[in-house]
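Inspection log for the structure reproduced underneath, given as structure tokens.
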Amino acid sequence: MTENLEKFLNRVSESAAQSTLVKMTLSKPAQKHDELRNIYVKPVLIKEKRLFNFTYHYERRDEVKNYDVEQMLDVLKGMIPDRFLNAVLFTVSDDVTLLISSKGKATIQIKKVQECREQSLEHDKQKVRLINPANPWWCQLGLTTREGKITADMQHKFKQIYKYAEIVESLVKPMKFDGTVHIADMGAGKGYLTFALYELLTQRLHLDVDIKGVEIRPDLVLKINEIIKSSGLKGLEFVKSSIEAFQPEKLDVLIALHACDTATDDAIAKGIRAGAELIVCAPCCHKQIRQEMERSGKVDAITRYGIFMERQAVMITDTIRALMMEYYGYKTQVMEFIEMEHTPKNVLLVGRKTDKTPDRLMISKAIGDLKRQYGIQKHYLETIL
Ligand SMILES: C[S@@+](CC[C@H](N)C(=O)[O-])C[C@H]1O[C@@H](n2cnc3c(N)ncnc32)[C@H](O)[C@@H]1O
């Protein structure tokens, strides 16, 4: 190591120890075509611990990591001069610039700042976007161009993904997890929402995850697993399985978005049986209850109109699902997923496991009354639970 590089690292170490490090940048990649363009470092306070937050700016994505002082110095030694030729350390009183020439000669310049700066410690928060379209998987999934721009025909889809991420963030943020969060996304399809979930939980909320995208179509599973592999994502995998056959070892969060007809019920049942803390599902088509209602021949002032019959069948299906979740100890909410203009399948059923004993008699009566009123023999979810 050259004398000036050592001097620079000593300055970094001192300013970290004295809490005078304001920020640091590494720039000018040693290899012209290095995907990693620069690194931005700032001090942060996470769970009362002083750490250093590194934002690695790659050509088409950002990666964020937190290190303690020792780790930070190790990373810097690995990066300068092998990956970067310029480094600037900004302390409360000085700017320390390290420049390495193409021949490997290091020079250092120290400049006093006119007005003393303040060190700002961001508390436990990193300004990482909810979903970053520049992440390479969005291009591979067909939502963005190679430059990370959302394509015109995918604008609606992206809005839906963003809204979903907002909702999931508000649901997951208050939860406490003991280590890795185990998640199953049932009927994951093309994986848009599974990747959004992965990105949100790992890059923004910094959680350790084990996400399984459960999908019955082998072609999709193969394709998505290739994207996961080429993007180097750990903790995300697609599994070729039916929802019914999937046996999670551990399940903290169950997601099922637009799983067809009774596949939503299979997913809810899996979540309840596995004792998932959170169940989030957006039901899709609702054939089973509608067929039962039609078969019974019972019509009332509402269901005598075809469109309302359809809508009523949807509401009854999902009301009984919500009640069943309550029956099994989940505090259940029904909310709008996304505005109707984007998709008519816009209802989200959210169940959070509670310790409270549910009033099962009252719930059973409510379900029974509904079924009697509309001539329904059985809701599919009842038959499998
Ligand atoms: C409408 S797509 C929804 C995809 C994704 N969850 C979303 O919301 O964008 C439903 C997916 O669930 C899969 N699927 C339907 N029934 C299933 C079952 N019983 N087991 C596993 N996958 C199923 C389908 O193959 C399809 O890819």
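For the sequence shown, the numbering used here puts the final residue at 391, and the numbers step up evenly by one. For glycine and all other residues, C-beta sits at the position ideal for the given N, C-alpha and C. On a predicted model such as this, the values are computed, not experimentally measured, just so you know.
Just verifying my parser: in three-state terms, what is the DSSP assignment at Asp130? In the sequence shown, counting from the first residue as 1, residue 130 sits at position 124. At Asp130 the pLDDT is 49, less than 50, meaning the model places this residue with poor confidence; the figure from the coordinates comes in the next sentence. In the three-state DSSP reduction, Asp130 falls in the coil class, being neither helix nor strand.
Report all residues from its chain with a CB closer than 6 Å to the CB of Val18; omit the five preceding and five following residues, and keep chain order. Within the sequence shown, residue 18 is the residue found at index 12, counting from 1. So the list reads Leu95, once near-sequence residues are dropped.
Cβ of Ile220 within 7 Å of any heavy atom in ligand 1? As a position in the sequence shown, residue 220 is number 214, starting the count at 1. Note on residue identity: the sequence assigns Val, not Ile, to residue 220. Because some heavy atom of ligand 1 lies under 7 Å away, the Cβ of Val220 counts as near it: yes.
Unbroken beta strand (DSSP E) runs of length 3 or more, entirely within the region 212-289: which are they? 215-221, 242-246, 259-263 and 284-288
Does the beta-carbon distance from Leu82 to Pro49 come in below 8 Å? Working through the sequence shown from its first residue, we reach residue 82 at position 76. Working through the sequence shown from its first residue, we reach residue 49 at position 43. Taking 8 Å as the Cβ cut-off, Leu82 and Pro49 do not qualify as a contacting pair.
How far does the alpha helix (DSSP H) with Tyr170 in it extend, from its first residue to its last? Looking up residue 170 in the sequence shown gives position 164. Tyr170 -> alpha helix (DSSP H) spans Gln161 to Val178.
What is the DSSP secondary structure of Met78, counted as helix, strand or coil? As a position in the sequence shown, residue 78 is number 72, starting the count at 1. Helix.
Thinking C-alpha only, which one of Cys291, Gly303, Leu149 and Gln209 is nearest Ala262? Counted from its first residue, the sequence shown places residue 262 at position 256. Ranking Cys291, Gly303, Leu149 and Gln209 by Cα distance to Ala262 puts Cys291 first.
For Val18, report the span of its alpha helix (DSSP H) as first-last. As a first step, residue 18 must be located in the sequence shown, where it is residue number 12. DSSP places Val18 inside the alpha helix (DSSP H), whose first and last residues are Glu9 to Ala23.
Assuming contact is defined by CB atoms lying nearer than 8 Å, are Leu411 and Val174 in contact in what I supplied? There is simply no residue 411 to check, as the chain begins at 7 and stops at 391 in what is shown.
Buried/exposed call for Asp130, threshold 16 Cβ in 10 Å: Taking the first residue of the sequence shown as 1, we reach residue 130 at position 124. Only weak support is given to the placement of Asp130: the predicted model assigns it a pLDDT of 49, under 50, and the question is left unresolved by the model.
Length of the line joining the Cα atoms of Ser236 and Glu69: For this step, residue 236 is matched to residue 230 along the sequence shown. For this step, residue 69 is matched to residue 63 along the sequence shown. Using only the alpha carbons, I get a separation of about 16 Å.
Assigned exposure category for Ile373 - 16 Cβ within 10 Å defines buried: Residue numbering aside, residue 373 sits at position 367 when the sequence shown is read from its first letter. Ile373 is buried by the Cβ-count criterion.
Limits of the alpha helix (DSSP H) - the one that Arg327 falls within: Your numbering for residue 327 matches position 321 in the sequence shown. For Arg327, the enclosing alpha helix (DSSP H) stretches over residues Gly312 to Tyr333.
Leaving out the 5 sequence neighbours to the left and right, which residues in its chain are closer than 7 Å to Ala36 when beta-carbon positions are compared? As a first step, residue 36 is located in the sequence shown; it is residue number 30 there, counting from the start. Residues of the same chain with a CB within less than 7 Å of the CB of Ala36, apart from the 5 flanking positions on each side, are Pro87, Asp88, Arg89, Phe90 and Leu91 in chain order.
Hey, quick one: how far does the beta strand (DSSP E) through Glu69 stretch, first residue to last? Mapped onto the sequence shown, residue 69 falls at position 63. Unbroken beta strand (DSSP E) run through Glu69: Asp68 to Tyr73.
Can you tell me whether Cys266 is buried or exposed? The criterion is at least 16 other CB atoms within 10 Å of its CB, across all chains shown. Position 260 of the sequence shown, counting from 1, holds the residue named residue 266. With fewer than 16 other Cβ atoms within 10 Å, it is exposed.
Residue environment, Met368, which counts as buried when at least 16 other CB atoms sit within 10 Å: Indexing the sequence shown from 1 puts residue 368 at position 362. The residue is exposed, with fewer than 16 neighbouring Cβ atoms inside 10 Å.
Select from Tyr380, Tyr311 and Lys246 the residue whose C-alpha is nearest the C-alpha of Arg223. Within the sequence shown, residue 223 is the residue found at index 217, counting from 1. Nearest option by C-alpha distance: Lys246.
Residues bridged to Val94 (per DSSP): Position 88 of the sequence shown holds residue 94. Note: Val94 sits in a beta bridge opposite Thr31 and Thr103.
Cβ-Cβ distance between Met330 and Leu257 below 8 Å: Translated into positions along the sequence shown, residue 330 becomes position 324. Translated into positions along the sequence shown, residue 257 becomes position 251. In this structure, Leu257 does not lie closer than 8 Å to Met330 by Cβ.
Does at least one heavy atom of ligand 1 sit under 7 Å from the Cβ of Ser176? Taking the sequence shown and counting its residues from 1, the one referred to as residue 176 is at position 170. Not so, every heavy atom of ligand 1 lies at least 7 Å from the Cβ.
For Arg4, tell me which candidate among Tyr73, Ala22, Met85 and Glu54 has the shortest Cα-Cα distance. Since the first residue of the chain shown is 7 and the last is 391, residue 4 is not available in this structure.
Going by beta-carbon coordinates alone, are Ile285 and Gly357 separated by less than 8 Å? Locating residue 285 in the sequence shown gives position 279, counting from the first residue. Locating residue 357 in the sequence shown gives position 351, counting from the first residue. Between Ile285 and Gly357, the gap from beta carbon to beta carbon is short of 8 Å.
Taking the C-alpha atoms as reference points, what is the distance between Lys293 and Gly281? Here residue 293 refers to the residue found at position 287 of the sequence shown. Here residue 281 refers to the residue found at position 275 of the sequence shown. The alpha-carbon atoms of Lys293 and Gly281 are separated by roughly 27 Å.
Bounding residues of the beta strand (DSSP E) (the contiguous stretch that carries Phe183): Position 177 of the sequence shown, counting from 1, holds the residue named residue 183. Unbroken run through Phe183: none, as it is neither H nor E.
When DSSP labels each residue in this structure, what does Leu149 get in the three-state scheme? Against the sequence shown, residue 149 aligns to sequence position 143. Coil.
8 Å CB neighbourhood of Leu79 in its chain, flanking five on each side removed: Indexing the sequence shown from 1 puts residue 79 at position 73. So the list reads Leu15, Val18 and Ser19, once near-sequence residues are dropped.
Lys377 lies in the alpha helix (DSSP H); which residues open and close that run? Here the question's residue 377 lines up with position 371 in the sequence shown. Lys377 -> alpha helix (DSSP H) spans Arg366 to Tyr380.
Please report the residue range of the alpha helix (DSSP H) in which Thr389 lies. Here the question's residue 389 lines up with position 383 in the sequence shown. That run of the alpha helix (DSSP H) goes Tyr386 to Ile390.
Segment limits, alpha helix (DSSP H) that includes Ala194: In the sequence shown, the residue the question calls residue 194 occupies position 188. Where Ala194 is concerned, there is no enclosing alpha helix (DSSP H), given that its DSSP letter is neither H nor E.
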